[in-house]
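Respectively, the protein sequence lines represent chains X, E and A.
Residue numbers for the first sequence follow the working numbering, so the first one is 19 and each next one is one higher.
Residue numbers for the second sequence follow the working numbering, so the first one is 46 and each next one is one higher.
Residue numbers for the third sequence follow the working numbering, so the first one is 13 and each next one is one higher.
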Amino acid sequence: MQGGLERATGEKMVLNFGPQHPATHGTLRIVLELDGESVLKATPHAGYLHTGFEKLGEHLDYNQYIVVTDRMNYLSPLSNNFGYVLAVEQLLGLEVTKRCQYIRILMAELSRLADHLLWLGTAALDLGAFSVFLYSFREREKLYSIFEKTTGARLTTSYTRVGGVLRDLYAGCEEDVRQFVGNFPKALKETHTLLTRNRIWMDRTKGVGAISADDAINYGLTGPCLRATGVAHDIRKAEPYSSYDEVTFDVPVGTNGDAYDRYLVRMEEMIQSCGIVTQVLDNMPDGPVNLEDNKVTMPEKSDAYGHIEGLIHHFKIVMDGHGVQPPKGEHYCATESPNGELGFYIVSDGSGTAYRIRIRPPSFFHFQALPNMLEGGMVSDTVAVLGSLNVIAGELDR
Amino acid sequence: MNEEKEVEEQSKPLVLEKLETHHSDALLAQDEARGTIVVVVRKDQAYAVLEYLKTDPELAYTYLVDVTAVDNSQMESELMQFDYARFMVVYQLYSYQGQGRVRVKVPVHENDLSITSVTGLWQGANWLERETYDMFGINFDGHPDLRRILMPDDFEGHPLRKDYPLRGRGERERFNFDKQNV
Amino acid sequence: MGLDFVGQGAGQTDGNIITTTIDKVVNWGRKNSLWPMPFGTACCAIEMMATLASKFDLSRFGSEAIRFSPRQSDLLIVSGRISIKMMPVLKRIYDQMPDPKWVISMGACASCGGVFDTYTLIQGVDQFIPVDVYIPGCPPRPEDLIDAVLQVQQKITSGASPKGVEVIYE
Numbered sequence: 019m020q021g022g023l024e025r026a027t028g029e030k031m032v033l034n035f036g037p038q039h040p041a042t043h044g045t046l047r048i049v050l051e052l053d054g055e056s057v058l059k060a061t062p063h064a065g066y067l068h069t070g071f072e073k074l075g076e077h078l079d080y081n082q083y084i085v086v087t088d089r090m091n092y093l094s095p096l097s098n099n100f101g102y103v104l105a106v107e108q109l110l111g112l113e114v115t116k117r118c119q120y121i122r123i124l125m126a127e128l129s130r131l132a133d134h135l136l137w138l139g140t141a142a143l144d145l146g147a148f149s150v151f152l153y154s155f156r157e158r159e160k161l162y163s164i165f166e167k168t169t170g171a172r173l174t175t176s177y178t179r180v181g182g183v184l185r186d187l188y189a190g191c192e193e194d195v196r197q198f199v200g201n202f203p204k205a206l207k208e209t210h211t212l213l214t215r216n217r218i219w220m221d222r223t224k225g226v227g228a229i230s231a232d233d234a235i236n237y238g239l240t241g242p243c244l245r246a247t248g249v250a251h252d253i254r255k256a257e258p259y260s261s262y263d264e265v266t267f268d269v270p271v272g273t274n275g276d277a278y279d280r281y282l283v284r285m286e287e288m289i290q291s292c293g294i295v296t297q298v299l300d301n302m303p304d305g306p307v308n309l310e311d312n313k314v315t316m317p318e319k320s321d322a323y324g325h326i327e328g329l330i331h332h333f334k335i336v337m338d339g340h341g342v343q344p345p346k347g348e349h350y351c352a353t354e355s356p357n358g359e360l361g362f363y364i365v366s367d368g369s370g371t372a373y374r375i376r377i378r379p380p381s382f383f384h385f386q387a388l389p390n391m392l393e394g395g396m397v398s399d400t401v402a403v404l405g406s407l408n409v410i411a412g413e414l415d416r
Numbered sequence: 046m047n048e049e050k051e052v053e054e055q056s057k058p059l060v061l062e063k064l065e066t067h068h069s070d071a072l073l074a075q076d077e078a079r080g081t082i083v084v085v086v087r088k089d090q091a092y093a094v095l096e097y098l099k100t101d102p103e104l105a106y107t108y109l110v111d112v113t114a115v116d117n118s119q120m121e122s123e124l125m126q127f128d129y130a131r132f133m134v135v136y137q138l139y140s141y142q143g144q145g146r147v148r149v150k151v152p153v154h155e156n157d158l159s160i161t162s163v164t165g166l167w168q169g170a171n172w173l174e175r176e177t178y179d180m181f182g183i184n185f186d187g188h189p190d191l192r193r194i195l196m197p198d199d200f201e202g203h204p205l206r207k208d209y210p211l212r213g214r215g216e217r218e219r220f221n222f223d224k225q226n227v
Numbered sequence: 013m014g015l016d017f018v019g020q021g022a023g024q025t026d027g028n029i030i031t032t033t034i035d036k037v038v039n040w041g042r043k044n045s046l047w048p049m050p051f052g053t054a055c056c057a058i059e060m061m062a063t064l065a066s067k068f069d070l071s072r073f074g075s076e077a078i079r080f081s082p083r084q085s086d087l088l089i090v091s092g093r094i095s096i097k098m099m100p101v102l103k104r105i106y107d108q109m110p111d112p113k114w115v116i117s118m119g120a121c122a123s124c125g126g127v128f129d130t131y132t133l134i135q136g137v138d139q140f141i142p143v144d145v146y147i148p149g150c151p152p153r154p155e156d157l158i159d160a161v162l163q164v165q166q167k168i169t170s171g172a173s174p175k176g177v178e179v180i181y182e
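Rendered as structure tokens:
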């Protein structure tokens, strides 16, 4: 349309895009009304992966629910674990130990890398750049091996606990992470040389799916999608949680709010995350990881097996109605997940299970704003825009 | 004693102060819990309050973080406090101008399950209100497209209500493939 | 890979001639060129992508030709949670695949609902479509998926018909 192509004046055509389509990354569905090649109207449909997370929250106790948060945004489970336990801890009025806060930041930033890498691989794959997909998965596998050594699982990590984390970092973790972070900028540069000045990549993403800063705020966009429009808002800076005020990093912003800017912002965020990881490793404090609070944290495994006190303590924590019991009240806690503002709104009635858990997912808003970015564009841009938003169905539909 | 009171008044957040001056009759309760300001607002004036919060240049709550609801039917204390209103519609707002977060709660009675939509103020409210309608059955007056969003269109019931069983009412076993239009 | 259709009933003469049955040749071809249709919805889809990507590289086993069009594929990999809204889509995709077709149910959610025993989730896709190979795990590791593909290959070599066949021709 913009390129001087003649506008077809035939009948309107309705194109059903998804829910099963290679570029929908799972289960998204968009119904497009087309006039020739240009999109007149786009209607996104959600709910194909609705799992009932919020209902489940009313039936599981506070520590059991961590397992469920893994499966919400499956690109960065550690960030979800982090956001959720932070909300519960703030509801309880607890502050975890310094070392624990640092470990959590370390893991959250590594999972930000994992998320952005997968986004990079698939977004490029959708536009035909297959090698980027292989490159980013190569780096991702290195991250997965660090996650696996730390948490015991590649993907469903369930690493955090209310009042601490599952266990301390493994011996040699620091070397592994340092080695990864040391090599990572070089690996990312390979992708830069493949994409950033690539004629095809620029043609397909520059000026595509642009959204203005005002619209972005009005639609509730957060994270890289908001920052690409030029709004330098990052919850890690605006409302620092868990020692994020002790590390220095830049918040990259774009200017046009198009797919290309979202790409650049995410690329730069990865470099910033590497910086944060290095600072965290440099300043990692010693000391205990978990809180010494018998009402909240589990005893050491050796205690639970070897001493009667430890056994009773363990029993008390895992028994129904004896574990973590926040006081009656409610709390909303927002964290900067790789995709944007991930919020948990927890209403407690004073018992061991939450009365209501509401998850505020960033992808929900990004997917909702899609018509604003698509309408008036070309049908082939749909894939580019959808790829640049990184909509995660598990988080969208919960 | 008087001095102390003055100090207290001064430290009161700007939002509460302004709401008290402009919309004092709409406020049912106010609270400041864990760093967030919480106000409970009368239903018929909820739209006016939200509009005021968004458009007032000093407050500028331009970012609607979330709209959801809580079914208070099993929480006696909350029910008693707000005249046995079963549902509480919850709005979370954030101001990019440094006013922080505010949570606006609106009690909704079961016999009058409707509330004015805020889609005119925030585009982002569209899907949030659809989800709240889908999950709780609360109608939003003036909503441009109030349909189910997460559940299939022919689904009956509202899953996040407290009387809806976790394992459903057999919908995952009974299944009519012909009825669904994919 | 080898000429593993040279089995019982087959023989080799002195020259470069091999005799066998037509079924064995066809099955040999099928086995080594399974085209998967990845029905990835959730976490398992990420592990499925990892299986296809650099480190694990499913193409070593002849299954790298991922086809998102069901009409071109003969192996359906259901990876992830299937909600009641998604089930009709899955059923239709299964119906659109040409015979013979095999189904792998990857991970706990597809096989039995996993940790999500809720109102919206199908507790096992085998209630609605026939499944040949189940993979346990939440999510299974890429090695598990490769193992499942190999099991499907074994099934093909053995000459067993896919689970779905009886249902279709009944």
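Just so it is clear, CB atoms sit at the ideal spot from N, CA and C, and this is done for glycine as well.
No experiment lies behind these values; they were computed from the predicted model shown.
Per the coordinates, the alpha-carbon of Lys67 of chain A lies some 46 Å from the alpha-carbon of Gly145 of chain E. Spanning the alpha carbons of Ser85 of chain A and Val151 of chain E requires a straight line of approximately 53 Å. For Val365 of chain X, a Cβ of chain E is located within less than 8 Å of the residue's own Cβ. Between Gln119 of chain X and Ser261 of chain X, the gap from beta carbon to beta carbon is short of 8 Å. When Cβ-Cβ separations below 8 Å define contact, Thr130 of chain A makes contact with chain X.
Per DSSP, the continuous alpha helix (DSSP H) segment holding Val38 of chain A begins and ends at Ile34 to Lys43. Nearest in C-alpha terms to Leu50 of chain X, of all of X:Gly412, X:Arg416, X:Thr353 and X:Ser398, is X:Ser398. At a cut-off of 8 Å between C-beta atoms, His384 of chain X does not count as an interface residue with respect to chain A. The continuous stretches of beta strand (DSSP E) do not include Leu64 of chain E, which lies in the alpha helix (DSSP H) extending over residues Leu59 to His67. Taking 8 Å as the CB threshold, Gly182 of chain E stays off the interface with chain A.
DSSP places Ser366 of chain X inside the beta strand (DSSP E), whose first and last residues are Gly358 to Ser366. Separation of Arg83 of chain A and Leu128 of chain X (C-alpha to C-alpha, rounded to the nearest whole angstrom) is 40 Å.
Between Pro50 of chain A and Thr107 of chain E, the alpha-carbon positions lie close to 42 Å from each other. Residues are counted here when their Cβ sits less than 8 Å from a Cβ of chain E; for the segment 348 to 360 of chain X these are Glu348, His349, Tyr350, Ala352 and Glu359, given in chain order. The beta carbons of Ile158 of chain A and Thr63 of chain A sit about 6 Å from each other, so the pair counts as a contact at 8 Å. The three-state reading of DSSP puts Ile253 of chain X in helix, counting H, G and I together. Of all residues in the segment 69 to 90 of chain A, only Phe80 come within less than 7 Å of chain X when Cβ atoms are compared, listed by chain position. For His39 of chain X, there are no C-beta contacts with chain E under 7 Å, since the nearest C-beta of that chain is about 13 Å from it. According to DSSP, Ala352 of chain X shares a beta bridge with X:Gly361. Taking C-alpha positions only, Phe80 of chain A is separated from Asn34 of chain X by approximately 15 Å. Pairwise C-beta distances place the segment 272 to 282 of chain X in contact with the segment 220 to 228 of chain X, as three or more of them are shorter than 8 Å. For Trp137 of chain X, the enclosing alpha helix (DSSP H) begins and ends at Lys116 to Asp144. In the three-state scheme derived from DSSP, where H, G and I count as helix and E and B as strand, Ala114 of chain E is classed as strand. Per DSSP, reduced to three states, the secondary structure at Phe185 of chain E is strand. Scanning chain A for C-beta atoms nearer than 9 Å to the C-beta of Leu211 of chain E yields Asp129, Thr130 and Tyr131, reported in chain order. Buried is the label assigned to Glu413 of chain X, since at least 16 other Cβ atoms lie within 10 Å of its Cβ. Minimum Cα-Cα distance from Gln343 of chain X among the listed residues X:Arg47, X:Glu107, X:Val86 and X:Lys73 corresponds to X:Glu107.
The alpha-carbon of Ala91 of chain E is positioned some 12 Å away from that of Arg148 of chain E.
The beta carbon of Thr169 of chain X sits closer than 6 Å to those of Thr175 and Tyr177, all from its chain and outside the five residues before and after it, given in chain order. For chain X, the residues of the segment 45 to 59 of chain A that bring a beta carbon within less than 7 Å of one of its beta carbons are Phe51, Gly52, Thr53, Ala54, Cys55, Ala57, Ile58 and Glu59, in chain order. In the three-state reduction of the DSSP assignment, Ser81 of chain A falls in the coil class, being assigned neither a helical nor a strand state. At least 8 Å separates the beta-carbon of Phe140 of chain A from that of Met109 of chain A. Against chain A, the beta carbon of Arg192 of chain E has no neighbour under 7 Å; the closest one sits roughly 13 Å away.
When C-beta distances to chain A are compared with 9 Å, the residues of the segment 148 to 164 of chain X below that value are Phe151, Leu152, Tyr153, Ser154, Phe155, Arg156, Arg158, Glu159 and Tyr162, in chain order. For Lys97 of chain A, a Cβ of chain E is located within less than 8 Å of the residue's own Cβ.
By the Cβ test, the segment 153 to 166 of chain X is in contact with the segment 129 to 137 of chain X, since at least three Cβ pairs between them sit closer than 8 Å.
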